[in-house]
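**Q**
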Amino acid sequence: VSDESGPLPGVSVVVKGTTSGTETDFDGKYSITVKTGDILRFSFVGMTAKEVVVGDSNVINIILEADNVLDEVVVTALGIKREKKSLGYSTQEVKGDEVNTVKDANFVNSLSGKIAGIDVKSSGTLGGSSNVVIRGYSSINNSNQALFVVDGVPVSNINSNGINQQTGRGGYDYGNAAADINPDDIESVNVLKGGAATALYGYRASNGVVVITTKKGKQNKGIGVTINSSITFNSYNPDTFAKYQNEYGAGYYDGWHPGGFYFEDQNGDGTDEAYTLSDWDGSYGTVPFNENLLVYQWNSWYPQLTDTYGVATPWVAAKNGPESVFETGATLFNSVSLDGGNEKSNFKLGYTKLDQKGIMPNSKIIRDNVDFYGSYNLTDKLTAAAKVTYVKTAGKGRYGTGYDSKNFMQTSRQWWQTNVDVQEQKEAYFRTRENITWNTTYINHDLHPIYHDNVYWMRYENFETDLRNRVFGNASLNYQVNDWLSIFGRVSLDTYAGHQEERINNHSTDVSLYSIFTEDFNEVNYDLMFNFDKDLTDKINLRGVLGTNVMRQRYSTIFASTNGGLNVDRLYALSNSANAIEAPNQNKYYMGVDGYYANAALGYD
Numbered sequence: 003v004s005d006e007s008g009p010l011p012g013v014s015v016v017v018k019g020t021t022s023g024t025e026t027d028f029d030g031k032y033s034i035t036v037k038t039g040d041i042l043r044f045s046f047v048g049m050t051a052k053e054v055v056v057g058d059s060n061v062i063n064i065i066l067e068a069d070n071v072l073d074e075v076v077v078t079a080l081g082i083k084r085e086k087k088s089l090g091y092s093t094q095e096v097k098g099d100e101v102n103t104v105k106d107a108n109f110v111n112s113l114s115g116k117i118a119g120i121d122v123k124s125s126g127t128l129g130g131s132s133n134v135v136i137r138g139y140s141s142i143n144n145s146n147q148a149l150f151v152v153d154g155v156p157v158s159n160i161n162s163n164g165i166n167q168q169t170g171r172g173g174y175d176y177g178n179a180a181a182d183i184n185p186d187d188i189e190s191v192n193v194l195k196g197g198a199a200t201a202l203y204g205y206r207a208s209n210g211v212v213v214i215t216t217k218k219g220k221q222n223k224g225i226g227v228t229i230n231s232s233i234t235f236n237s238y239n240p241d242t243f244a245k246y247q248n249e250y251g252a253g254y255y256d257g258w259h260p261g262g263f264y265f266e267d268q269n270g271d272g273t274d275e276a277y278t279l280s281d282w283d284g285s286y287g288t289v290p291f292n293e294n295l296l297v298y299q300w301n302s303w304y305p306q307l308t309d310t311y312g313v314a315t316p317w318v319a320a321k322n323g324p325e326s327v328f329e330t331g332a333t334l335f336n337s338v339s340l341d342g343g344n345e346k347s348n349f350k351l352g353y354t355k356l357d358q359k360g361i362m363p364n365s366k367i368i369r370d371n372v373d374f375y376g377s378y379n380l381t382d383k384l385t386a387a388a389k390v391t392y393v394k395t396a397g398k399g400r401y402g403t404g405y406d407s408k409n410f411m412q413t414s415r416q417w418w419q420t421n422v423d424v425q426e427q428k429e430a431y432f433r434t435r436e437n438i439t440w441n442t443t444y445i446n447h448d449l450h451p452i453y454h455d456n457v458y459w460m461r462y463e464n465f466e467t468d469l470r471n472r473v474f475g476n477a478s479l480n481y482q483v484n485d486w487l488s489i490f491g492r493v494s495l496d497t498y499a500g501h502q503e504e505r506i507n508n509h510s511t512d513v514s515l516y517s518i519f520t521e522d523f524n525e526v527n528y529d530l531m532f533n534f535d536k537d538l539t540d541k542i543n544l545r546g547v548l549g550t551n552v553m554r555q556r557y558s559t560i561f562a563s564t565n566g567g568l569n570v571d572r573l574y575a576l577s578n579s580a581n582a583i584e585a586p587n588q589n590k591y592y593m594g595v596d597g598y599y600a601n602a603a604l605g606y607d
């Protein structure tokens, strides 16, 4: 799928009359299963939708054309409104209702397929990062992320993930800060593309700008009340998960260990019995499953498991494979807002609560969002306005990522014994609250895990927690000097404090651990603008802005961790370190930018 400029990523491709669909990738390509006679509908915000009847060909190429929209007013740089037809660059707008058609915990994901040329990539983890790239990747070494601007004010989209997580070596994805933007508070989203569109934001806008306009109060005779509630459910996609064979169990090829099992007298009858290669984690052994063959398996060695301890069990494939770990996730939004106003003032006060349960056990995110907007005409020429948003985000049990023991998706996809029943592992953990795993050494039946923890031990013992408190907003004054000149001043603030804790209990595959990471971010912007819009003659108009911006930003982090493990189980404190802790790692970053800008457009009608 393409337009006049080239391939279009994010185009919605749906089988008409169904919910079956997909979207194009960064190269404008797509793949979808259909049958002859089906109607494919290609749609994209800002472009005319097309429908095509599926014939015998396996390839359908489509060129979409832009809608002809006249006299459309859009919000551009610094919150300035302009007629779309008067702009010398590309911009596309999405209304808030379209963003909220299906609510996502991170509104950025809702932009996918709604704006031409935008590539939205989500990590797919609970509360994870979502990257927005406009019209392609321009840098290998630097960020390709677009700048987010709310009501004319840049908003931080920092990602605080560690270097190991970023390079695929493990860790948690704590998400982007743009996720704090409340989807229920969005009036419209405008995407500015090209140098002319983003010049007024300086170097930070080199990858394009996502301009968000929030809802304002309405001049009602009384108080308006709006209540919204929505819930969505999600589950793992079996098409993206590993497919397991159910003919052979634990082991490797016969040359690795002839016979497919270890043999040793287990019950004192003088005869060697077979027991599984529990110290190896492969599942392509040489002994086919056979319900008449009795084998000592992982649950035969734990005295805590009184019903299976010292008992050989049938050599059969597990009824509950790794996919049984996944649960049904749910995302619940509840919001209420009040608005009102009169000839001189208006206001809006809103509260939104997100309660999200992940598909992995013991995983959730709770976010509380309170926002207020108010404006008042102090005189016929002077207007004051203020907008403030408070967001509290608390996470627990985010999924491990990368090549890491805490990433069940990775460990189970690469290594798993198909004779291991996940439900039995679950029951073993909740019965004992111990790390009863299937992957232990065979020497003296040492029960310490080698490579794999019991997945429920991992989820309920080795989990993370995080908390972020954030405030962002602005206060402004606008003075209308005359019918063609106004002076606008604004002070804006974006500040947040983050706290992340990671823990690994004793008796785990990895060395036990407790770590703390804190971050503090603060950015203040001071803007002064002279806006003019003057008719020089009956046919010639001059409009533009002359202004200055002063930005001050600081960012600091502190990281501290135990050293050599924990002395006491489940006591997560730096003072519980087995060895003396190393000095905390502390970083501070300061930046200041003083900018001057001007923009003018000469119109002829």
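Sequential numbering of the sequence shown, starting at 3, is according to our numbering. All C-beta atoms in this analysis are idealised placements derived from N, C-alpha and C, irrespective of residue type, glycine included.
#1: How is A602 classed by DSSP in three states: helix, strand or coil?
#2: At 3 residues or longer, what runs of the beta strand (DSSP E) sit wholly inside the region 511-543?
#3: What does the alpha-carbon distance come out to for the pair V71 and K97?
#4: Once you ignore the five residues that flank D529 on each side, which residues in its own chain have a CB closer than 6 Å to its CB?
#5: Within this structure, are the beta carbons of S7 and G30 separated by less than 8 Å?
#6: What do you get for L604, buried or exposed, if any count of 16 or more other CB atoms within 10 angstroms of its CB means buried?
#7: So, D496 versus S158, is the Cβ gap smaller than 8 Å?
#8: Could you tell me whether the region 218-235 touches the region 294-313, where touching means 3 or more Cβ pairs closer than 8 Å?
#9: For G284, which residues in the same chain have their Cβ closer than 6 Å to its Cβ, ignoring the five residues on either side in sequence?
#10: F235 lies in the beta strand (DSSP E); which residues open and close that run?
#11: Counting only the same chain and skipping the five closest in sequence on each side, list residues whose C-beta sits under 8 Å from that of Y286.
#12: Please report the straight-line C-alpha distance between V193 and S45, rounded to a whole angstrom.
#13: When you compare the CB positions of R470 and Y498, do they come within less than 8 Å of one another, or not?
#14: If contacts are defined as beta-carbon pairs under 8 Å, then V54 and V151 qualify, I think. What distance do you get, rounded to the angstrom?
#15: Quick one: using the 10 Å Cβ neighbour count with 16 as the cut-off for buried, is L538 buried or exposed?
#16: Taking the alpha carbon of M553 as the point to measure from, which residue in Y205, G342, T443 has its own alpha carbon closest?
#17: Taking DSSP as the reference, what is the three-state secondary structure of A319?
#18: Go ahead and pull the three-state DSSP assignment for N569.
#19: Would you tell me roughly how many angstroms separate the C-alpha atoms of G261 and T310, rounded to the nearest one?
#20: Using alpha carbons as the reference points, say which of R556, N581, I136 lies closest to S563.
#21: Report the three-state DSSP secondary structure of A562 (helix, strand or coil).
#22: Leaving out five residues before and five after Y557 in sequence, what residues of the same chain have Cβ atoms less than 6 Å from its Cβ?
#23: Would you kindly report the start and end of the unbroken alpha helix (DSSP H) that includes K2?
#24: I need the DSSP call for F465, collapsed to helix, strand or coil.
#25: Using only alpha-carbon positions, find the residue among N111, F243, S237 that is nearest to S183.
#26: Buried or exposed: where does S14 fall if 16 or more other Cβ atoms within 10 Å of its Cβ makes it buried?
#27: Mark D73 as exposed unless 16 or more other C-beta atoms lie within 10 angstroms of its C-beta, in which case mark it buried.
#28: By how many angstroms is the C-alpha of K18 removed from the C-alpha of M49?
#29: What residues in its chain sit with their C-beta under 6 Å from that of Y1, if we drop five residues either side in the sequence?
#30: Judging by CA-CA distance, which residue of I361, S337, V338 is the nearest neighbour of G331?
#31: How is V71 classed by DSSP in three states: helix, strand or coil?
#32: Between I229 and the rest of its own chain, which residues show a CB-CB distance below 6 Å, the 5 nearest in sequence each way excluded?
#33: Which one of Y32, S33, I160 has the shortest CA to CA distance from Q555?
**A** To lay it out plainly:
#1: strand
#2: 515-537
#3: Interpretation of V71 is limited by its pLDDT of 46, a score under 50 that renders its predicted location unreliable; no figure is taken from the coordinates.
#4: R492, N551
#5: no
#6: exposed
#7: yes
#8: no
#9: Y254
#10: 226-236
#11: Q247, Y250, G253, Y254, Y255
#12: 18 Å
#13: yes
#14: Not quite, the Cβ-Cβ distance comes to about 37 Å (not below 8 Å), so this is no contact.
#15: exposed
#16: Y205
#17: coil
#18: coil
#19: 24 Å
#20: N581
#21: strand
#22: F523, Y591
#23: Any answer about residue 2 is impossible in this case: the structure gives the chain only from 3 up to 607.
#24: coil
#25: Per the sequence presented here, residue 183 reads as Ile, with Ser not at that position. Looking at the Cα atoms, N111 is the closest of the given residues.
#26: buried
#27: For D73, the predicted model reports a pLDDT of 45, less than 50, meaning its position is unreliable; a value from the coordinates is still stated below. With fewer than 16 Cβ atoms within 10 Å of its Cβ, D73 is classed as exposed.
#28: 18 Å
#29: Because the chain spans 3 through 607 in this model, residue 1 falls outside it and cannot be assessed.
#30: I361
#31: Note that V71 scores a pLDDT of 46, beneath 50, so its modelled location is shaky and nothing firm can be said.
#32: V338
#33: I160
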